[in-house]
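One structure is given below, encoded as structure tokens.
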Amino acid sequence: MNIERFDNEDVLASALAVRLIEAISLKPRIVLGLPTGRTPVALYREVRTRSRRGHVDWSQVRTFNLDEFVGLGAGDAGSYRTYMQGELFDHVRIEPINIGMLDGRAANLAAECARYELAIEAAGGIDIQVLGIGANGHIGFNEPADTLDAETHVAVLQAETRAANAGLFDGDLTRVPTHALSMGMATILHAHEIVLMATGAEKSSAVAGMIDGPITTRLPASFLQVHPRVTVLLDRGAAARLA
Ligand code: GLP
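Per the numbering used here, residue 47 is the first one in the sequence shown, and the count goes up by one each step.
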């Protein structure tokens, strides 16, 4: 793993925004895997600003988001789709048809997961997968467990993950869905390149385990150790427990 440390989350976010925009200019039909959560808010802000200033051509860019809450979709408060529209998609000239998102309101969730795997494959796979990490070491919604799912699947959310997402629902834990759809571990690990961003001391244990610990289903991000092209971007807090 290639580890890079930054003084704070703003410099980290601009460094990654610059890299993503450069990657788009090198490969206009790039396929990006995108995360939600608090961590990438600064990244999307930087990408929006730089796209406005720099004539970035989003017309052929294709994206696939990592996950979505079951029961929620476009137009729903709290959905990752709504988050992505507000943070990024409404502000750049991406073609709606090129936006890949899981539909948490699909009548047949298993079929929706299968559709997503095929759509990623049909796009030629993900060139750059951007990830955040949960304080318990989850990536996407692949939660610590005895076994992990390889492909896109329905995930049961752990209490701490639901609590971490309550901000999307005005802090009301009862409104946070209990299930989500998520890319699986193999879906993520098939990406050509992976960039994981982590900020804040509350991520420091998960980050240390991911980098220096054993590969274990109890810390799903530790599986990134087997991928040949992973870059981990950390602020001081997230890097605090590294050897
Ligand atoms: C969420 C998302 C993940 C995200 C992680 C960290 O539950 N499903 O994709 O990376 O948890 O979120 P945050 O950046 O808000 O700490």
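Ideal Cβ placement from N, Cα and C applies to all residues, glycine included. Since the structure is predicted, the reported quantities are computational estimates derived from the model, not experimental observations.
Other residues of its chain near residue i: CB distance less than 6 Å, five sequence neighbours each side excluded
i    : result
N48  : T277
L214 : G124
R75  : Q106
E133 : Y90
A59  : A88, L89 and E92
Residue i in three-state terms, based on DSSP
i    : result
N48  : strand
V176 : strand
A201 : strand
Check whether residue i and residue j have beta carbons under 8 Å apart
i    : j    : result
I179 : L242 : yes
I172 : V253 : no
C159 : E197 : yes
T224 : L194 : no
P93  : A63  : Checking the displayed sequence, the identity of residue 93 turns out to be Val instead of Pro. Yes; because the gap between Cβ atoms is below 8 Å, this pair is in contact.
A69  : I174 : yes
F52  : L279 : yes
L177 : P81  : yes
L227 : L164 : no
Nearest candidate by alpha-carbon position, reference residue i, set the options
i    : options                   : result
D103 : Q131, E92, L72 and Y129   : L72
G117 : D149, F135 and R108       : D149
H238 : A169, L265, G186 and V200 : A169
Cβ neighbours of residue i in the same chain (closer than 8 Å, five flanking residues each side left out)
i    : result
R287 : S250, S251, V253 and A254
A181 : E206, A210, E248, K249, S251 and A252
Proximal residues to residue i (C-beta, below 7 Å), its chain only, five neighbours per side dropped
i    : result
F269 : M231, L235 and I261
Heavy atom of the ligand ATP within 7 Å of residue i beta-carbon
i    : result
A169 : Absent from the structure shown: the ligand ATP. Ligands present: the ligand GLP.
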